[in-house]
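In the working numbering, the protein residues as written are 6 to 454. First the structure, in the form of structure tokens, and then the observations on it.
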Amino acid sequence: MRKSHLIKPVLGNDYPVISHGKGIYLYDKDGKQYIDGSSGAITANIGHGVEEIAEAMWNQAKHVSFVYRSQFTNEAAERLAEKLAEYAPGDLNSVFFVNSGSEATETALKIAIQYFQEQGIHTKNKVLSRWTSYHGITLGALSMSGHPLRRQRFSSLLEDFPVAPAPYCYQCPLKDTYPGCGVRCADELETIIQAIGPEQIAAFIVEPVIGASGGAIVPPDEYYTKIRSICTKFNILMIADEVMTGMGRTGKMFAMEHWDVIPDIITLGKGMSAGYTPMAATIISDRVMKEIENGSKIIMGGHTFSANPQSAAACLAVIQFMERNSLIENTETIGEYLLNSLQRLQWKHSIIGDIRGKGLLCGVEFVKDPITREPFEISSKVTERLLSICFEKGLLVYPAVGGVTGFSGDSILVSPPLIITKEQVNDIIDILDHAVGELTSLLITEGLY
Ligand code: PMP
């Protein structure tokens with residue numbers, strides 16, 4: 006093959022060239038089929054190769070593909086914003102479009118700070134977050150991310166925003182046990198706010214179900230109600246980062262609906278365009294917008310491609326596809342089936358410590374000892390090796406590691422497109438079963454287990 010000029014995630018590694026995709030499958034140039042068990046990066050929610058999305062983009066492109074947001078609005082972006090506002094809970098009625106999840110969370114950070122500035126409050130400049138979290142790779146978003154692995158190289162440029170413990174019952178950061186703990190991890194936020202001073206804090210950001218840094222960590226049921234009331238008590242905005250969990254991934258349009266909790270700002274990305282185009286959004290409540298409307302009237306953010314008509318047309322077509330095929334309802338039932346099937350794998354393989362998730366955002370955590378929950382050594386590269394065995398066998402799963410200080414955190418996400426059938430789930434389970442078996446044998450042979 007001739008020299009590649011494209012920089013790859015890991016230099017020197019071989020990446021097969023993809024030829025095409027259809028439904029839950031991807032095919033490389035050599036004809037090998039892969040089951041997309043992770044929807045790429047939990048993105049391809051409606052599966053690959055849906056022609057009507059391409060048609061919607063083409064129809065828009067025939068009229069106009071690009072207009073600059075400071076000069077014009079456009080019908081596709083207007084209709085998409087209206088649609089998202091219809092679905093969003095409470096008074097979350099205004100939408101700001103950006104191009105990636107990182108930009109969406111960074112915009113949320115800036116809007117939270119601006120909300121207080123508009124009221125003449127200039128001290129609220131911190132946005133708190135949790136350890137074991139990921140909110141994006143740009144510097145503001147990374148400042149909020151409690152992901153040591155991704156922070157370490159740029160730590161001198163980052164704000165120390167992650168402070169609160171994650172509601173991670175399987176490896177509780179407070180070394181406590183639910184329900185006896187009384188969900189102390191939520192109370193801890195109040196203690197931290199009081200120590201820092203609520204007058205310095207603009208917002209608290211959470212992933213409703215922790216994804217990339219922890220592997221589908223679902224908090225106890227009481228957790229978000231507690232968090233919401235602590236935020237309200239101290240006049241701190243609550244931001245739900247639904248970049249991964251939004252757009253039906255967990256069996257509801259927005260994951261926060263599982264707990265009937267209404268945040269002040271929601272971010273979306275990934276599944277919003279289902280990967281057909283780069284598009285993301287920050288949805289803002291009337292309460293927050295009112296201050297901006299009555300104040301400076303300008304959000305100091307936005308990008309050249311914000312509210313791009315062709316991207317908006319793609320996202321609208323994705324939502325229409327989801328509605329017509331009842332994908333959110335499908336996600337609830339098939340998600341339960343996937344979780345139960347993964348649980349059956351756990352009985353068979355002792356390196357599987359925990360199975361968790363909501364809808365089709367499912368996580369599998371691997372441990373050396375299922376009784377003590379002792380993790381594998383980082384050097385055992387358990388997640389990395391499992392990923393490559395699965396890849397070899399034609400199954401894509403997503404690594405969710407590196408979120409916890411001093412803990413290797415070997416977890417994967419199993420999150421196929423929301424169109425998946427039970428038979429296709431069985432195929433995923435079958436491959437995973439063989440892959441975990443193979444990995445266990447390797448670890449035993451090498452004396453690592
Ligand atoms: N927030 C969450 C919850 C995410 O999972 C991600 C991506 N994994 C991001 C933000 C960043 O999104 P992007 O990669 O599109 O910048």
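Virtual Cβ for every residue (Gly too), placed ideally from N, Cα, C. All figures in this text were calculated on a predicted structure; none of them were measured in a lab.
How long is the line joining the alpha carbons of residue i and residue j, rounded to whole angstroms?
i, j, result
"residue 68", "residue 323", "20 angstroms"
"residue 372", "residue 445", "11 angstroms"
"residue 318", "residue 442", "45 angstroms"
"residue 235", "residue 426", "41 angstroms"
"residue 183", "residue 222", "14 angstroms"
"residue 135", "residue 167", "5 angstroms"
"residue 162", "residue 112", "18 angstroms"
"residue 410", "residue 176", "Model confidence at residue 410 stands at a pLDDT of 48, short of 50, so the residue's coordinates are unreliable and nothing is read from them."
"residue 259", "residue 214", "11 angstroms"
"residue 455", "residue 23", "Residue 455 cannot be examined here, being either before or after the span of the chain that is shown, 6 to 454."
"residue 81", "residue 62", "10 angstroms"
"residue 141", "residue 242", "19 angstroms"
"residue 440", "residue 86", "43 angstroms"
"residue 449", "residue 174", "28 angstroms"
"residue 344", "residue 207", "37 angstroms"
"residue 399", "residue 43", "12 angstroms"
"residue 292", "residue 96", "8 angstroms"
"residue 120", "residue 194", "22 angstroms"
"residue 327", "residue 365", "14 angstroms"
"residue 438", "residue 75", "53 angstroms"
"residue 153", "residue 309", "31 angstroms"
"residue 17", "residue 395", "20 angstroms"
"residue 169", "residue 261", "19 angstroms"
"residue 28", "residue 45", "13 angstroms"
"residue 316", "residue 307", "15 angstroms"
"residue 361", "residue 370", "9 angstroms"
"residue 55", "residue 282", "13 angstroms"
"residue 451", "residue 350", "23 angstroms"
"residue 353", "residue 431", "16 angstroms"
"residue 114", "residue 189", "26 angstroms"
"residue 122", "residue 296", "9 angstroms"
"residue 342", "residue 330", "19 angstroms"
"residue 131", "residue 118", "8 angstroms"
"residue 388", "residue 219", "12 angstroms"
"residue 337", "residue 226", "17 angstroms"
Let's test the definition: count the other Cβ atoms within 10 Å of the Cβ of residue i and tell me whether it reaches 16, buried, or not, exposed.
i, result
"residue 269", "buried"
"residue 104", "buried"
"residue 266", "buried"
"residue 247", "buried"
"residue 14", "exposed"
"residue 21", "exposed"
"residue 305", "exposed"
"residue 205", "exposed"
"residue 64", "exposed"
"residue 128", "exposed"
"residue 71", "exposed"
"residue 25", "exposed"
"residue 36", "exposed"
"residue 299", "exposed"
"residue 77", "exposed"
"residue 12", "exposed"
"residue 209", "buried"
"residue 145", "buried"
Have a look at the DSSP bridge pairing and note the partners of residue i.
i, result
"residue 14", "Answer is none; residue 14 lacks a bridge partner."
"residue 403", "418"
"residue 132", "208"
"residue 100", "288"
"residue 32", "25, 38"
"residue 68", "Its beta-bridge partners do not exist; DSSP assigns none."
"residue 84", "Beta-bridge pairing links residue 84 to no other residue."
"residue 53", "28"
"residue 151", "136"
"residue 167", "134"
To the nearest whole angstrom, what separates the beta carbons of residue i and residue j, a pair I think is in contact under 8 angstroms?
i, j, result
"residue 148", "residue 164", "4 angstroms"
"residue 191", "residue 228", "5 angstroms"
"residue 99", "residue 289", "5 angstroms"
"residue 102", "residue 301", "At roughly 20 angstroms, the Cβ-Cβ gap does not stay under 8 angstroms, so residue 102 and residue 301 are not in contact."
"residue 47", "residue 287", "About 19 angstroms; that fails the 8 angstroms criterion."
"residue 405", "residue 106", "Actually they are not in contact, since the Cβ atoms of residue 405 and residue 106 sit about 15 angstroms apart, beyond 8 angstroms."
"residue 381", "residue 359", "14 angstroms between Cβ atoms; not a contact."
"residue 385", "residue 453", "5 angstroms"
"residue 417", "residue 391", "7 angstroms"
"residue 41", "residue 422", "6 angstroms"
"residue 277", "residue 285", "6 angstroms"
**OP:** Report the residue ranges of all alpha helix (DSSP H) runs contained in full by the region 289-325; include only those spanning at least 4 residues, in chain order.
**Re:** 291-299
**OP:** Could you tell me which uninterrupted beta strand (DSSP E) segments, each at least 3 residues in length, are contained entirely in the region 335-408, listed from first to last along the chain?
**Re:** 357-363, 366-371
**OP:** Note down, one range per segment and in chain order, each alpha helix (DSSP H) of at least 4 residues found wholly within the region 198-285.
**Re:** 228-238
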